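A.B. asks:
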Amino acid sequence: MKVWSNYIGLASFIYLILTGSAVFSDDIVIAKLKYGGGGDWYANPTSLPNLHREVKRRTGLPMAQIEEDAVVSLTDPDIQKYPIISATGHGRIAFTDEERQVLVNYLKGGGFLEVDDNYGMDELFRPEMEKIFGKGCLVELPKSHLIYHCFYDLDGLPKIHEHHGGPAKGYGIYLDGRLCVFYSYNTDLNDGWEAAEVHNDPPEKHELAYEMGTNIVVYALTH
Numbered sequence: 338m339k340v341w342s343n344y345i346g347l348a349s350f351i352y353l354i355l356t357g358s359a360v361f362s363d364d365i366v367i368a369k370l371k372y373g374g375g376g377d378w379y380a381n382p383t384s385l386p387n388l389h390r391e392v393k394r395r396t397g398l399p400m401a402q403i404e405e406d407a408v409v410s411l412t413d414p415d416i417q418k419y420p421i422i423s424a425t426g427h428g429r430i431a432f433t434d435e436e437r438q439v440l441v442n443y444l445k446g447g448g449f450l451e452v453d454d455n456y457g458m459d460e461l462f463r464p465e466m467e468k469i470f471g472k473g474c475l476v477e478l479p480k481s482h483l484i485y486h487c488f489y490d491l492d493g494l495p496k497i498h499e500h501h502g503g504p505a506k507g508y509g510i511y512l513d514g515r516l517c518v519f520y521s522y523n524t525d526l527n528d529g530w531e532a533a534e535v536h537n538d539p540p541e542k543h544e545l546a547y548e549m550g551t552n553i554v555v556y557a558l559t560h
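So the working numbering is basically just the index in the sequence shown, starting at one, shifted up by 337.
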């Protein structure tokens with residue numbers, strides 16, 4: 338169920354997209370973050386290309402057609418051209434002091450960081466975020482949060498791939514009152530965005546993953 342009409346600003350944005358009135362200087366690219374620490378930042382190589390195609394098909398947004406990941410590091414001088422940066426992996430993630438400052442500047446400048454725990458990242462990702470944003474910076478988002486309802490009306494964060502028990506949980510980091518980091522835990526959205534034969538998740542799980550991914554993109558581009 339789409340719920341655009343509940344949110345006037347978002348509804349206006351979607352109207353501009355659907356009527357062709359919104360103008361983007363370039364096709365929209367979600368970049369994959371190459372980070373240090375030894376973790377497999379390159380995991381799920383088909384996820385973002387598939388997500389680009391699905392978001393474009395479902396919303397009409399001018400997503401770039403990419404066949405492989407657009408990789409960016411935090412010290413890349415072109416980082417600001419990517420409105421959304423995506424990070425995933427199974428292991429250690431670590432930033433240098435310079436990279437931490439660049440990330441803060443990128444987010445304060447309107448950028449959005451989407452992070453998906455691919456099972457094994459959580460205990461290493463949280464301390465890294467606290468080094469940058471302070472203790473307790475990651476707050477669990479309620480099911481009523483707009484990110485779960487801005488295009489598809491979802492009952493919170495869907496659980497896609499069963500690595501261990503318990504519900505999926507979505508967390509956020511706010512800067513100056515704006516949600517600029519979304520962290521999905523215990524769900525593995527990237528598995529759901531990957532080609533169907535990779536993880537053998539059922540079609541309904543892939544659909545939920547794409548619905549959540551679409552919501553993340555729409556939310557990030559409108560806030």
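Think of the CB as a built atom: it goes at the ideal place given N, C-alpha and C, for glycine as much as any other residue.
The model shown is predicted, which means the values in this text are computed figures rather than measured ones.
Taking residue 495 as the reference, give the member of 466, 530, 476 and 475 with the closest Cα.
C.D. replies: Counting from one through the sequence shown, the residue named residue 495 turns up at place 158. The shortest Cα separation from residue 495 among 466, 530, 476 and 475 belongs to 530.
A.B. asks: Taking 7 angstroms as the threshold (C-beta atoms), are residue 556 and residue 484 in contact?
C.D. replies: Taking the first residue of the sequence shown as 1, we reach residue 484 at position 147. Taking the first residue of the sequence shown as 1, we reach residue 556 at position 219. Yes. Within cutoff.
A.B. asks: Are at least three pairs of beta-carbons, each pair with one atom in the segment 382-391 and one in the segment 410-418, less than 8 angstroms apart?
C.D. replies: These segments do not touch.
A.B. asks: My output table needs one value for residue 345: the three-state DSSP class, helix, strand or coil.
C.D. replies: Sequence index remark: in the sequence shown, residue 345 carries index 8 (1-based). Unreliable positioning characterises residue 345 in this predicted model, as indicated by a pLDDT of 39, which lies under 50. The coordinate reading is nonetheless provided below. If DSSP states are grouped into helix, strand and coil, residue 345 belongs with the helices.
A.B. asks: How many Å lie between residue 545 and residue 493 at the Cα?
C.D. replies: The residue given as residue 545 occupies position 208 in the sequence shown. The residue given as residue 493 occupies position 156 in the sequence shown. Answer to the nearest angstrom: the Cα atoms are 11 angstroms apart.
A.B. asks: Mind checking whether residue 425 and residue 527 have CB atoms under 7 angstroms apart?
C.D. replies: Numbered from its first residue, the sequence shown carries residue 425 at position 88. Numbered from its first residue, the sequence shown carries residue 527 at position 190. Yes, they are a contact pair.
A.B. asks: Could you check whether residue 368 and residue 422 sit closer than 7 angstroms to each other, using their CB atoms as the reference points?
C.D. replies: Counting from one through the sequence shown, the residue named residue 422 turns up at place 85. Counting from one through the sequence shown, the residue named residue 368 turns up at place 31. A contact, by the Cβ cut-off of 7 angstroms.
A.B. asks: Should the segment 530-543 be regarded as contacting the segment 465-480, the criterion being three or more beta carbon pairs within less than 8 angstroms?
C.D. replies: Contact fails: fewer than three Cβ-Cβ distances are below 8 angstroms.
A.B. asks: Rounded to whole angstroms, what's the CA-CA distance from residue 440 to residue 533? Just pull it up for me.
C.D. replies: Residue numbering aside, residue 440 sits at position 103 when the sequence shown is read from its first letter. Residue numbering aside, residue 533 sits at position 196 when the sequence shown is read from its first letter. C-alpha separation (whole angstroms): 33 angstroms.
A.B. asks: Can you tell me whether residue 473 sits near the ligand SAH, meaning its C-beta is under 6 angstroms from at least one heavy atom of the ligand?
C.D. replies: You won't find the ligand SAH in this model; it holds no ligand whatsoever.
A.B. asks: Going straight from the alpha carbon of residue 459 to that of residue 522, what length do you get?
C.D. replies: In the sequence shown, counting from the first residue as 1, residue 459 sits at position 122. In the sequence shown, counting from the first residue as 1, residue 522 sits at position 185. Cα to Cα, residue 459 sits roughly 7 angstroms from residue 522.
A.B. asks: Quickly, what does DSSP pair residue 516 with across the bridge? List them, please.
C.D. replies: The residue you call residue 516 lines up with position 179 of the sequence shown. Answer is 511, bridged to residue 516.
A.B. asks: Are the Cβ atoms of residue 509 and residue 430 separated by less than 7 angstroms?
C.D. replies: Counting from 1 along the sequence shown, the entry for residue 509 is found at position 172. Counting from 1 along the sequence shown, the entry for residue 430 is found at position 93. In this structure, residue 430 does not lie closer than 7 angstroms to residue 509 by Cβ.
A.B. asks: Leaving out the 5 sequence neighbours to the left and right, which residues in its chain are closer than 8 angstroms to residue 339 when beta-carbon positions are compared?
C.D. replies: Here residue 339 refers to the residue found at position 2 of the sequence shown. Note that residue 339 scores 41 on pLDDT, short of 50, meaning its location in the model is unreliable; the coordinates nonetheless yield the value given after this. Excluding sequence neighbours, residue 339 sits near 488, 489 and 490.
A.B. asks: Are the beta-carbon atoms of residue 453 and residue 401 separated by less than 7 angstroms?
C.D. replies: Numbered from its first residue, the sequence shown carries residue 453 at position 116. Numbered from its first residue, the sequence shown carries residue 401 at position 64. No, the Cβ-Cβ distance between residue 453 and residue 401 is not below 7 angstroms.
A.B. asks: Taking CB distances under 7 angstroms as the criterion, tell me whether residue 430 reaches chain D.
C.D. replies: Going by chain labels, chain D is absent from the structure shown, which holds only one protein chain.
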